[in-house]
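Beneath this line is the structure, given in structure tokens, with notes to follow.
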Amino acid sequence: MQAGLIPAPLAQDGLYFGRALALDGDRLAVLASGEDVGEPGQPGYHENGGAIYLYRREGATWQPDGRVVPDNFGPLQSLGPAIALDGDTLAATFSDRIDLSETVVFFQRQNGGWAETGRLAAPPDEPGFYGEDVALAGDVALVGAPGSPAWAMPGNRGVVYVYGRGGGAWSPSGTLTPDEGEDGDNFGCAIDFGEGAGELTVAVAACSIAEPGVGDRVYLFERAMGNWAQIAQLEPSHNDALDIADIDYGGDRLAVATREDYTQDTRFAGAAFLFERDGAAWTQRTLPPAD
Numbered sequence: 001m002q003a004g005l006i007p008a009p010l011a012q013d014g015l016y017f018g019r020a021l022a023l024d025g026d027r028l029a030v031l032a033s034g035e036d037v038g039e040p041g042q043p044g045y046h047e048n049g050g051a052i053y054l055y056r057r058e059g060a061t062w063q064p065d066g067r068v069v070p071d072n073f074g075p076l077q078s079l080g081p082a083i084a085l086d087g088d089t090l091a092a093t094f095s096d097r098i099d100l101s102e103t104v105v106f107f108q109r110q111n112g113g114w115a116e117t118g119r120l121a122a123p124p125d126e127p128g129f130y131g132e133d134v135a136l137a138g139d140v141a142l143v144g145a146p147g148s149p150a151w152a153m154p155g156n157r158g159v160v161y162v163y164g165r166g167g168g169a170w171s172p173s174g175t176l177t178p179d180e181g182e183d184g185d186n187f188g189c190a191i192d193f194g195e196g197a198g199e200l201t202v203a204v205a206a207c208s209i210a211e212p213g214v215g216d217r218v219y220l221f222e223r224a225m226g227n228w229a230q231i232a233q234l235e236p237s238h239n240d241a242l243d244i245a246d247i248d249y250g251g252d253r254l255a256v257a258t259r260e261d262y263t264q265d266t267r268f269a270g271a272a273f274l275f276e277r278d279g280a281a282w283t284q285r286t287l288p289p290a291d
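Heads up: the sequence shown is residues 1 to 291, going by our numbering.
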């Protein structure tokens with residue numbers, strides 16, 4: 001049942017309000033990746049720079065709770081495609097359409113507002129699409145880099161970069177890769193923290209572009225005593241390069257949304273898969289067809 005509607009805050013063509021969402025308790029962050037920042041002809045104006053709108057739930061309604069933009073933009077830089085929210089910390093991908101570089105920018109809630117507190121640039125020789133997805137949990141940030149800028153080039157296994165926060169600053173603290181990765185995996189295209197027995201658990205999707213028959217997968221990792229380890233690998237049934245669009249990890253449940261379903265006659269029909277955990281075993285549940 002729909003509980004409400006948050007309309008676009010501006011009447012602007014190409015606003016793309018809702019391009020990405022991040023929900024944490026009673027707070028919601030919404031990316032408007034096409035918003036023009038500033039006034040045309042004035043210093044600081046940036047066409048399609050993007051902004052993030054914050055909302056807070058009060059009773060049965062959602063109320064505006066701020067607007068966030070980076071401290072400065074380059075000539076063709078813009079926010080997106082990913083954002084993450086955890087408590088008073090907000091992270092967003094910051095893209096440069098000239099050199100195709102990606103940065104992750106962090107904001108912190110301070111004195112009732114939001115302030116930019118730092119940025120993470122892609123490591124040297126990064127394989128591509130750094131920041132395709134981001135995830136936050138306390139003082140841990142994960143940044144996915146699933147492949148080459150050409151996207152369809154073979155050999156893109158992908159990686160997830162792990163960062164830790166100390167003294168208010170973010171610094172590298174390792175990487176995540178699957179135990180048996182393959183060329184064309186594009187590992188890191190979607191990331192979501194969950195709940196488990198360890199200190200932290202996270203699900204990471206591999207959006208395969210390999211040949212038919214080598215399908216998409218979701219890997220589960222757990223951190224215990226400061227060390228990360230892969231604990232499961234899940235594959236949707238009739239998996240044939242389904243092209244994972246998003247995942248949602250709830251600890252004992254994992255939902256996987258895909259753009260393709262090759263059991264259908266139409267292209268890009270899409271599908272949704274649900275996995276449930278019983279002890280250490282995961283079982284795929286069949287979702288009933290829509291009415």
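Cβ coordinates follow ideal geometry from the N, Cα and C atoms, glycine included.
Every value quoted in this text rests on a predicted model; they were computed, and no experiment measured them.
Burial state of residue i, where buried means 16 or more other Cβ atoms lie within 10 Å
i       : result
Gln-77  : buried
Gly-194 : buried
Thr-103 : buried
Leu-34  : Contrary to the premise, residue 34 reads as Gly rather than Leu in this sequence. Flag for Gly-34 reads buried.
Glu-132 : buried
Thr-283 : exposed
Ala-60  : exposed
Tyr-45  : exposed
Pro-70  : buried
Pro-236 : buried
Pro-172 : exposed
Pro-178 : buried
Asn-300 : The question about residue 300 has no answer, for the chain in this structure spans 1 to 291.
Gly-14  : exposed
Ala-315 : In the structure as shown, the chain starts at 1 and stops at 291, and residue 315 therefore has no counterpart that could be examined.
Ala-229 : exposed
Gly-279 : exposed
Ala-281 : exposed
Ala-115 : exposed
Asp-125 : exposed
Arg-285 : exposed
Asp-216 : buried
Asp-65  : buried
Closer than 7 angstroms: residue i CB and nearest the ligand GDP heavy atom
i       : result
Gly-251 : The ligand GDP is not part of this structure, which contains no ligands at all.
Own chain, CB closer than 7 angstroms to residue i, minus 5 neighbours either side, in chain order
i       : result
Gly-118 : Phe-106, Ala-169 and Trp-170
Gly-18  : Val-30
Tyr-130 : Glu-102, Ala-122, Val-143 and Ala-145
Gly-226 : none
Asp-246 : Ala-190 and Ala-257
Residues near residue i by beta carbon distance below 8 angstroms, same chain, minus five either side
i       : result
Asp-86  : Asp-24, Leu-136, Ala-137 and Gly-138
Tyr-163 : Leu-120, Val-140, Ala-141, Leu-142, Val-143, Trp-170, Ser-171, Pro-172 and Ser-173
Glu-39  : Tyr-45
Gly-250 : Gly-194 and Glu-195
Leu-5   : none
Pro-43  : none
Check whether residue i and residue j have beta carbons under 8 angstroms apart
i       : j       : result
Ala-145 : Pro-81  : no
Asp-88  : Gln-63  : no
Leu-234 : Phe-275 : yes
Leu-122 : Ser-95  : The question names Leu, yet the displayed sequence has Ala at residue 122. No, they are not a contact pair.
Val-256 : Ala-272 : yes
Gln-49  : Leu-79  : Looking at the sequence shown, residue 49 is not Gln but Gly. Yes, Cβ-Cβ distance for Gly-49 and Leu-79 is below 8 angstroms.
Tyr-53  : Arg-67  : yes
Ala-11  : Ala-84  : no
Leu-254 : Val-202 : no
Arg-165 : Glu-199 : no
Thr-258 : Asp-243 : yes
Close-in-space but distant-in-sequence residues of the same chain around residue i (CB under 6 angstroms, 5 per side omitted)
i       : result
Ile-191 : Asp-133, Ala-135, Leu-142, Gly-144 and Val-204
Asp-36  : Glu-47
Leu-28  : Tyr-55
Ala-8   : Leu-15 and Phe-17
Asp-252 : Arg-277
Gly-158 : Pro-146, Gly-147, Asp-185, Asn-186, Phe-187 and Gly-188
Handout entry: In chain order, each alpha helix (DSSP H) run of at least 4 residues that lies wholly inside the segment 89–149
Key = Taking 4 residues as the minimum length, the segment 89–149 contains no alpha helix (DSSP H) run wholly inside it.
Handout entry: beta strand (DSSP E) runs contained entirely in the segment 165–228, provided each spans 3 or more residues
Key = Runs found: 169–176, 187–194, 200–206 and 217–224.
Handout entry: Every unbroken beta strand (DSSP E) inside the segment 24–72 [3 residues or more]
Key = The segment 24–72 contains, as complete beta strand (DSSP E) runs of 3+ residues, the segments 27–32, 51–58 and 61–68 (chain order).
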